[in-house]
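S.K.: Starting off with a structure, shown below.
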Ligand SMILES: [Zn+2]
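Following this line, the structure appears as structure tokens:
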């Protein structure tokens with residue numbers, strides 16, 4: 197076998213091994229279709245969530261993770277369908293991406309939610325990742341009984357990437373570079389969770 201062929205064979209084997217050992221991230225873009233989520237003027241949560249989810253997919257694939265998109269277009273998917281899709285996978289984690297809204301217009305910042313103990317660790321790594329990439333205000337990591345978090349058997353978190361109801365934060369979340377930073381921060385947290393051996 198020539199050195200060149202050997203190189204080629206090793207390359208194929210390495211690729212095969214990574215794809216066999218690749219862990220899966222289920223990416224859940226919140227809302228969609230008639231369910232627009234939070235909204236201020238023309239700024240819709242469902243659009244921001246999908247865009248961020250697609251950036252997340254891009255960066256995770258680049259790091260060698262396998263990804264599953266709950267939705268890749270502006271369509272409605274019920275909460276029970278979302279957790280049913282996620283529960284088909286093992287050795288996976290579930291990340292739901294949302295943006296926030298409240299009638300209290302001064303409220304701003306990032307929030308990350310979890311339900312189980314194992315998810316708490318993932319939540320704190322991802323939250324730290326988002327904070328250091330975006331420098332957004334911090335509303336903390338919290339326990340919550342959200343449907344998707346209670347019904348996914350995998351480590352599951354829900355991130356809120358900022359408030360569309362806060363004028364300063366709204367102008368940030370509308371920008372691609374902010375959503376890109378948020379996605380990169382989520383990836384940083386996922387990698388840290390993976391390397392910690394908790395996965
Ligand atoms: Zn939402």
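Numbering (the numbering used here), first residue to last: 197 to 395.
Cβ coordinates follow ideal geometry from the N, Cα and C atoms, glycine included.
1) Any idea what DSSP makes of residue 322, helix, strand or coil?
2) Would you say residue 227 touches ligand 1, meaning its beta carbon is less than 7 Å from a heavy atom?
3) Specify, as a first and last residue, the run of the alpha helix (DSSP H) that residue 281 falls within.
4) Shorter than 7 Å, the distance from the beta carbon of residue 233 to the closest heavy atom of ligand 1, or not?
5) Heavy atom of ligand 1 less than 7 Å from the Cβ of residue 241, yes or no?
6) According to DSSP, is residue 203 helix, strand or coil?
7) Within the continuous beta strand (DSSP E) that includes residue 306, where are the two ends?
8) Taking the beta strand (DSSP E) that residue 220 belongs to, which residues open and close that run?
9) Taking C-beta to C-beta, are residue 355 and residue 293 nearer than 8 Å?
10) Taking one C-beta from the segment 319-333 and one from the segment 369-387 each time, how about it: are there three or more such pairs within less than 8 Å?
11) Given this structure, state the Cα-to-Cα distance separating residue 279 from residue 207, to the nearest angstrom.
12) I want to know whether the segment 254-271 touches the segment 317-331 - three or more CB-CB distances under 8 Å.
13) From which residue to which residue does the alpha helix (DSSP H) around residue 369 run?
14) Can you give me the Cβ contacts of residue 299 inside the same chain, cut-off strictly under 8 Å, excluding the 5 residues immediately before and after it?
M.R.: This is what the structure holds:
1) In the structure shown, residue 322 sits in a helix (DSSP, three-state: H, G or I).
2) Taking 7 Å as the cut-off, one finds at least one heavy atom of ligand 1 near enough to the beta carbon of residue 227.
3) Its alpha helix (DSSP H) spans residues 275-282.
4) Yes, ligand 1 has a heavy atom inside 7 Å of this Cβ.
5) Because some heavy atom of ligand 1 lies under 7 Å away, the Cβ of residue 241 counts as near it: yes.
6) Under the three-state reduction of DSSP output, residue 203 falls in the helix class.
7) Note, residue 306: beta strand (DSSP E), 306-310.
8) It spans 220-225 - the beta strand (DSSP E) in which residue 220 sits, taken as one unbroken run.
9) Taking the C-beta atoms as reference points, residue 293 is found nearer than 8 Å to residue 355.
10) Cβ pair count under 8 Å is three or more, so yes.
11) Between residue 279 and residue 207, the alpha-carbon positions lie close to 36 Å from each other.
12) Note that the segment 254-271 does not touch the segment 317-331; fewer than 3 beta-carbon pairs, one per stretch, sit closer than 8 Å.
13) It spans 363-369 - the alpha helix (DSSP H) in which residue 369 sits, taken as one unbroken run.
14) Closer than 8 Å at Cβ, skipping near neighbours: 361.
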